[in-house]
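Visitor: Numbering (the working numbering), first residue to last: 1 to 350. Glycine included, each C-beta is placed from N, C-alpha and C at the ideal position. Source: prediction; values computed, not measured. For reference, the structure I am asking about is given below.
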């Protein structure tokens, strides 16, 4: 049975913003409500959150490609290197350089509230990519449904293991809403649907070396039947190294096979699935994160607003207490569809 973990308690969200009441939701086509349609314009400031994972490096690549292709008026992007104080400083620099809208991806979603409120007081709209700030006004959050990540991983492992055995879960940083959402959803799904599976949740703060050390300990303590990695970009290489040392990378037909499901959809994960080294990943759309992060920043500068509902790009906008969120689709990739370009050919693994 899975025990309750108080560290996963979701922080209270108290800031409220009224965005696009009565407007019709839309996608990149721009069919949003905009009043007179004559909004402000100006430069977009961008901060890349980190450069130590394949996923975020791919996101940065897509952002730069879109800026060049669409001739978007942006300032030179900054990089906060996974440090909230650096992000706050970078935002101040971008505003000082004339940014009229900000695209960011705060990794500590609880510590960015005062910066968001400061930007709101200056009437500088914020688009948050991949992460949803716990507090503070945002124009739009662009991310996939991270609770669905945890649920899809849970159902995949639960069905493969037939409600028995032990699963190790590499939690992301619980200071991030993504880590909390994935952890809560995975744990709740397991407790409800697969009570026969014992889940060993390991805190990692998105660090591969920490995950590797804890996996060693778990394997030394007994048989492991499944692994859920909340970020393949952070955990895949170190996990494969440990399993290889233990001679545990074997086909699914072998009783020693450890079923592995991840989140990200990076090229290394896709190759591992094709090679039979891991079994599934929930693919995060890095290209769409870049595309729609920039899109919504442009729409904000144009004075346009949005409201909850389906979009014309296959996603759904939901209402948050502090803004709106465009939840982009993220498919489960397995050996059955890993070569299907129609499903995810434009994802990070392309």
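For residue 161, list the residues DSSP reports as bridge partners.
Guide: DSSP lists no partner for residue 161.
Visitor: What does the Cβ neighbour count give for residue 275, buried or exposed, with the cut at 16 atoms within 10 Å?
Guide: Residue 275 is exposed by the Cβ-count criterion.
Visitor: Around the C-beta of residue 71, are 16 or more other C-beta atoms found within 10 angstroms, so that it is buried, or is it exposed?
Guide: So residue 71 ends up on the exposed side.
Visitor: Distance, Cα to Cα, residue 225 vs residue 135?
Guide: Rounded to whole angstroms, residue 225 to residue 135 spans 38 Å at the Cα level.
Visitor: Please name the residue in 107, 277 and 306 whose C-alpha comes closest to that of residue 335.
Guide: For residue 335, the nearest C-alpha among the options comes from 277.
Visitor: Could you tell me which uninterrupted beta strand (DSSP E) segments, each at least 3 residues in length, are contained entirely in the stretch 213 to 261, listed from first to last along the chain?
Guide: Runs found: 226 to 229.
Visitor: Buried or exposed, going by whether 16 or more other CB atoms sit within 10 Å of the CB of residue 247?
Guide: Burial call: exposed.
Visitor: From residue 227 to residue 183, what does the alpha carbon distance come to, in whole angstroms?
Guide: So the alpha carbons of these two residues sit roughly 13 Å apart.
Visitor: Could you check the C-alpha separation between residue 163 and residue 191 for me, to the nearest Å?
Guide: In a straight line, the C-alpha of residue 163 is about 11 Å away from that of residue 191.
Visitor: Taking residue 216 as the reference, which of 205, 53 and 200 has the closest Cα?
Guide: Nearest option by C-alpha distance: 200.
Visitor: Would you please state the rounded distance, in angstroms, between the beta carbons of residue 172 and residue 206? I believe it to be under 8 Å.
Guide: Yes, they are in contact, since the Cβ atoms of residue 172 and residue 206 sit about 5 Å apart, within 8 Å.
Visitor: To the nearest angstrom, how far is the alpha carbon of residue 204 from that of residue 210?
Guide: Looking at the two C-alpha atoms, the distance is approximately 6 Å.
Visitor: According to DSSP, simplified to helix, strand and coil, what is residue 48?
Guide: Here residue 48 sits in strand by DSSP.
Visitor: Return yes when the C-beta of residue 261 is under 7 Å from any heavy atom of the ligand NAP, and no when it is not.
Guide: Looking at this structure, you won't find the ligand NAP or any other ligand, since it has none at all.
Visitor: Using the three-state DSSP reduction, which class does residue 133 fall into: helix, strand or coil?
Guide: The answer is coil: DSSP assigns residue 133 none of H, G, I, E or B.
Visitor: Give a yes or no on whether the C-beta atoms belonging to residue 97 and residue 49 are separated by under 8 Å.
Guide: Cβ atoms of residue 97 and residue 49: not closer than 8 Å.
Visitor: So for residue 208, helix, strand or coil by DSSP?
Guide: In this structure, residue 208 counts as helix in the three-state DSSP scheme.
Visitor: Would residue 232 and residue 269 be called neighbours here (beta carbons separated by less than 8 Å)?
Guide: Yes, these two residues count as a Cβ contact at 8 Å.
Visitor: Can you give the Cα-Cα distance for residue 55 and residue 265, rounded to whole angstroms?
Guide: Whole-angstrom Cα-Cα distance: 8 Å.
Visitor: Which class does residue 270 belong to by DSSP, given the choice of helix, strand or coil?
Guide: Here residue 270 sits in helix by DSSP.
Visitor: Could you pull the start and end residues of the alpha helix (DSSP H) that residue 286 belongs to?
Guide: Note, residue 286: alpha helix (DSSP H), 286 to 301.
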